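Numbering (our numbering), first residue to last: 838 to 895.
Report on one structure; see the data block that follows.
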């Protein structure tokens with residue numbers, strides 16, 4: 838099994854936190870379905886960028 842790096846773990850943890858925030862907005866009725874899908878896709882794209890090997894540290 839391949840081990841993940843600390844940076845990849847941090848990116849995954851940040852993704853989980855953003856997903857939970859999106860779900861809270863949805864359950865409070867502050868997000869429409871289209872915006873929910875858009876935010877989830879943007880969050881997933883960000884996870885892929887942040888967890889890519891060799892990415893520049895911010």
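The beta carbon of each residue, even a glycine, is placed where N, CA and C say it ideally should be.
Note that the coordinates shown come from a computational prediction; the quantities given were computed from them, not determined experimentally.
Report buried or exposed for residue i, applying the criterion of at least 16 other Cβ atoms within 10 angstroms of its Cβ.
| i | result |
| --- | --- |
| residue 848 | buried |
| residue 871 | exposed |
What first and last residue would you give for the alpha helix (DSSP H) that runs through residue i?
| i | result |
| --- | --- |
| residue 876 | 870-888 |
| residue 865 | Note, residue 865: premise wrong, no alpha helix (DSSP H); not H, not E. |
Assuming residue i contacts residue j (C-beta within less than 8 Å), just tell me the rounded distance between them.
| i | j | result |
| --- | --- | --- |
| residue 850 | residue 859 | That belief does not hold up - the Cβ atoms of residue 850 and residue 859 are roughly 15 Å apart, past 8 Å. |
Can you tell me whether residue i is helix, strand or coil according to DSSP?
| i | result |
| --- | --- |
| residue 840 | coil |
Query raised in the report: Any chance the segment 868-881 sits against the segment 838-847, with 3 or more Cβ pairs inside 8 Å?
Result: Contact fails: fewer than three Cβ-Cβ distances are below 8 Å.
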